[in-house]
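Protein chains in written order, with our numbering: chain A, 95 to 784; chain B, 113 to 226. In what follows, a single structure is set out as structure tokens and then discussed.
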Amino acid sequence: MTSDTLIQLALYILFLPLLGFLVLIFFGKRLPRHGDWLGTGILGVTLIFSLIILFVKLLSYPAETFISQFTWIDFGNVPFIGPVSIELGIMLDNLSVIMLVVVALVSFLVHLFSIGYMQGDVRYSRYFAYLGIFSFSMYGIVVTHNFLMMYIFWELVGLSSYLLIGHWYEKKSASNAAMKAFIVNRIGDAGMFIGIMILFVTFTTFTFEKIFDSLAVGTIPFGSEAWLTAAGILIFCGAIGKSAQFPLHVWLPDAMEGPTPVSALIHAATMVAAGVFLIARTFAIMTGDALMVITYIGVITALIGAIIAITQYDIKKVLAYSTISQLGYMVMALGTGAFTAGFFHLVTHASFKAGLFLGSGSVIYAMHHALHKKHDHHTDPQDIRNMGGLKKKMPITYLTFLIFTLAISGVPFTSGFLSKDEILAGTLGFASVTGHYLIPVLAFLVAGMTAFYMFRLLILTFHGEHADKSRESDLHESPSVMTIPLIVFASLSIWIFYSFNPFGAASGWFYSAMERPLSVVPVDVQPVAAEVFNKAVHDVHTVAMILSILIAGLGILFAFAVYHYRKIDADNLSKATGPLYSLSYNKLYFDEMYDKSAIRGTLGLAKISAWFDNTIIDGIVNGSATLTRLWSNFSGRFDNVVIDGFVNFSAYFTGFIGLLLRKFQTGKVQTYIMFVIFSIIIFFFIFRSL
Amino acid sequence: MTHSLAQIPQWLAEPGLEHFLIISAILFSLGLLAVVTRRNVIMVLMGIELILNAANVNFIAFTRFSTISLEGHLIALFVIILAAAEAAIALAIVLNIYQQFHTVNVDEVSTLRE
């Protein structure tokens with residue numbers, strides 16, 4: 095199969111979901127079954143195509159990069175700058191073909207799951223249409239070969255995320271969450287845009303390859319390495335927004351207001367991973383300082399997510415904070431230079447976290463139907479305190495959920511163990527080279543916390559007795575259209591798909607396919623060199639593995655001790671930790687902090703400017719109006735009294751004179767003669783004396 | 113003859129220029145009086161004739177008592193002719209007025225005012 099065929103298949107993958115979106119949005123309601131088969135079928139086709147591309151690419155062309163591009167706008171030879179043109183195109187390298195399969199697989203299975211979960215929804219066809227445009231945008235991010243298209247599709251996934259979070263927009267909380275997600279993302283995207291523009295004004299192109307090549311020969315923005323670091327961090331801002339990194343992570347928990355399959359697709363597996371993908375894509379231009387910032391942001395995010403997840407009671411909120419924590423992990427891994435491990439974790443996390451969300455969807459579906467049957471509209475179907483004992487009622491959901499939980503906790507023989515182990519080894523190796531030992535310490539701590547809160551979730555949901563006995567008979571396993579995706583994800587959470595050795599991924603296909611790209615930044619600002627880093631990781635690998643198994647085991651044991659065997663009372667524990675507990679339960683008061691600072695600040699500023707507008711600007715306008723009115727009043731009066739008075743007076747005076755003179759005009763000849771004679775006599779006397 | 117002449121007063125026996133001028137002034141005043149006071153248009157015209165004649169007397173008197181030759185006489189003759197022509201025209205106007213207003217009373221014919 096030639097490269098042209100691969101490019102064509104990639105184009106089909108990109109544009110088929112767009113076609114599906116157009117058909118569903120205009121004719122969805124008139125199609126049989128409201129068109130769910132169409133959206134799902136199209137995603138099935140793209141899944142097959144992407145699998146073909148993956149196998150052909152990795153087997154036949156493992157080291158090549160296929161680019162197909164055309165010139166979109168040619169500015170010609172711009173004065174002082176040189177030739178400028180904007181190319182659009184797609185690029186297939188190992189990174190993008192693996193990501194394509196991840197997106198296609200999760201998207202297809204979520205489509206399948208949604209057929210069951212969203213049944214009878216008021217906007218059923220529109221839901222599938224939005225899933226279609228999301229898939230289109232996500233494929234766009236994956237296959238693009240330039241920053242401009244990346245940014246456009248970046249915004250499009252933001253839009254589809256907004257549309258899908260607000261799918262049940264009648265709920266105030268859902269529409270608010272959609273707006274929050276959109277606005278918070280905009281902050282990050284603004285930074286990303288500035289970063290892209292720094293690169294564009296320097297290299298006059300958006301294409302990744304050209305920028306990397308120019309950097310490799312020593313061209314750097316504005317001749318300063320600080321600008322390059324700034325550009326890297328600004329582009330990373332986009333990832334902070336999309337991948338819900340500290341301090342912009344606040345939108346992701348709220349985004350759980352959307353339908354659960356959407357949370358699985360967008361807010362667990364693909365869109366939020368786009369930020370990680372972006373860092374992987376632009377890894378070559380990141381300087382050592384930029385990567386250090388990325389590492390610390392990642393580790394802070396991982397810690398915050400884990401701390402908050404421990405005390406939440408909403409099943410989806412726990413998973414949301416766990417997602418934030420795991421995304422922090424990936425970002426941290428890329429920052430330390432464990433490029434392959436970070437991207438590997440993205441792939442494994444996509445399957446088990448999507449599975450966890452779909453599993454929670456299955457649980458919520460069952461709870462919702464049981465509550466509905468009893469006409470109970472007060473009990474929250476998502477609160478794990480209302481669950482328990484679902485193990486017997488929903489065996490498939492339980493078993494798959496267990497596998498996902500084991501995977502995310504990093505228990506051996508799961509995919510999560512492979513990737514997490516590599517990440518932990520990476521942080522340890524990084525620390526041994528650079529001396530930043532805080533990072534591995536926090537990373538191991540987060541690993542233990544993850545095991546603890548995930549097993550807490552599992553035990554509270556599935557083990558023990560159900561919270562309300564009367565409800566038990568109404569709880570059923572979900573239909574097969576929902577359990578099949580769970581089974582597929584669960585099987586993909588087994589180590590075998592990634593490496594035949596369950597205790598090390600380095601020998602698997604993934605590690606041979608994904609290699610850390612060569613850094614193109616100037617030598618003195620480069621991150622730790624790959625050889626040095628790999629050697630350090632190799633030295634600490636066994637230690638890291640044993641430590642990670644121990645810590646995960648400790649977390650799991652602790653969770654069982656507290657929630658299953660109840661050796662330690664959870665309430666006493668929360669009382670004992672007092673302020674720490676309430677800090678975690680209230681999500682570290684991030685929302686309150688932002689409300690008090692950013693939102694109040696903005697509102698205050700708006701109020702001040704409104705006051706300024708109302709008082710000063712309007713005052714000036716009104717004042718000038720009043721002044722003009724006064725002046726015109728005065729001038730009107732002057733006109734009426736003085737000018738008109740003068741005119742009227744002269745007319746009146748003339749009339750008066752006329753009235754007087756009129757008396758002389760008798761019309762009698764004799765009178766006139768008398769006047770003449772008297773006049774002559776008078777003149778005679780006057781002139782005689784002269 | 114001389115005696116009988118002596119009985120006549122001086123100013124009468126030898127009339128000078130002043131006498132004529134006085135006569136003429138009286139004549140003029142009478143004419144003017146007639147023009148101003150008479151209601152009948154015919155009478156007004158007669159007054160005008162008197163004024164013209166007063167002027168004639170003046171011309172003749174000044175010619176008699178000056179060294180100049182016959183210009184005064186000539187102008188007097190002109191005035192007489194002029195008076196005749198004027199009378200003719202004036203009478204024609206009067207006739208027309210009568211036709212228009214059915215009266216020759218100047219007080220009633222006051223349309224000049226308008």
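The beta-carbon is built from N, C-alpha and C at its ideal position, and this holds for glycine as well.
- A/Leu186: member of the beta strand (DSSP E) spanning Gly176 to Leu186, first to last residue.
- Around the beta carbon of A/Pro355, a 10 Å sphere encloses 16 or more other beta carbons of the protein chains shown; the residue is thus reported as buried.
- CA-CA distance, A/Lys410 to A/Gly483, rounds to 18 Å.
- Under a criterion of Cβ atoms nearer than 9 Å, the residues of chain B adjacent to A/Ile771 are, in order, Leu144 and Val148.
- Interface flag for A/Ile775 against chain B is unset, since no Cβ pair is found closer than 8 Å.
- At a cut-off of 8 Å between beta carbons, B/Val218 contacts chain A.
- The Cβ atoms of A/Pro611 and A/Ala378 sit closer than 8 Å to each other.
- Put simply, the stretch 342 to 352 of chain A does not touch the stretch 314 to 324 of chain A. Fewer than three CB pairs are less than 8 Å apart.
- DSSP, read as helix, strand or coil, puts A/Ser613 in coil.
- A/Val370 places its beta carbon 8 Å or farther from that of A/Met291.
- Taking CB atoms only, A/Ile767 has a neighbour in chain B less than 8 Å away.
- Across the set A/Pro353, A/Gly289, A/Leu359 and A/Glu303, the C-alpha of A/Gly289 shows the shortest separation from the C-alpha of A/Phe330.
- In the three-state scheme derived from DSSP, where H, G and I count as helix and E and B as strand, A/Asp283 is classed as helix.
- Residue pairing of A/Thr238 in beta bridges, as defined by DSSP: A/Ile184.
- Between A/Phe546 and A/Ile502 the beta-carbon gap is near 12 Å, outside 8 Å, which marks them as no contact.
- Out of A/Leu452, A/Ser585, A/Arg660 and A/Gly602, the CA that lies nearest to the CA of A/Arg550 is found in A/Arg660.
- When C-alpha distances from A/Gly326 are compared across A/Lys304, A/Phe228, A/Ser308 and A/Asp383, the shortest belongs to A/Asp383.
- A/Tyr407 and A/Ile478 have their alpha carbons spaced roughly 6 Å apart.
- A/Met244 and A/Phe287 have their C-alpha atoms spaced approximately 11 Å apart.
- As computed with DSSP, A/Asp168 is found in a beta bridge with A/Ser179.
- By the CB criterion at 8 Å, A/Ile578 and A/Ser509 fall outside the cutoff.
- Less than 8 Å divides the Cβ of A/Thr405 from the Cβ of A/Ser678.
- For A/Gly695, the enclosing alpha helix (DSSP H) has its first and last residue at Arg694 to Trp705.
- With a cutoff of 8 Å on beta-carbon distance, A/Ala403 and A/Gly422 are scored as not near each other.
- Boundaries of the alpha helix (DSSP H) harbouring A/Phe546: Leu532 to Phe556, taken from the DSSP string.
- Using a Cβ-Cβ distance cut-off of 8 Å, the stretch 159 to 176 of chain A and the stretch 133 to 150 of chain A are not in contact, since fewer than three pairs of beta carbons, one from each stretch, lie closer than that value.
- Inclusion of A/Ser229 and A/Ser208 in the CB contact set at 8 Å is not warranted, their separation being larger than that value.
- Contact check for A/Leu682 against A/Ile418 fails: the beta carbons are separated by 8 Å or more.
- Distances from the CA of A/Ser219 to each of A/Leu440, A/Thr748, A/Phe740 and A/Gly122 were compared; the closest alpha carbon is that of A/Gly122.
- Inclusion of B/Ser141 and B/Asn170 in the CB contact set at 8 Å is not warranted, their separation being larger than that value.
- By the Cβ-count criterion, A/Asn240 is buried, with 16 or more other Cβ atoms from all chains shown falling within 10 Å of its own Cβ.
- Within the stretch 471 to 535 of chain A, the alpha helix (DSSP H) runs of at least 4 residues that lie entirely inside it are, in chain order, 484 to 487, 489 to 503 and 509 to 528.
- For a cut-off of 8 Å, the C-beta gap from A/Leu518 to A/Ser416 is around 17 Å, too long to register as a contact.
- Ranked by Cα distance from A/Ile398, the options A/Val204, A/Ala368 and A/Met543 are led by A/Met543.
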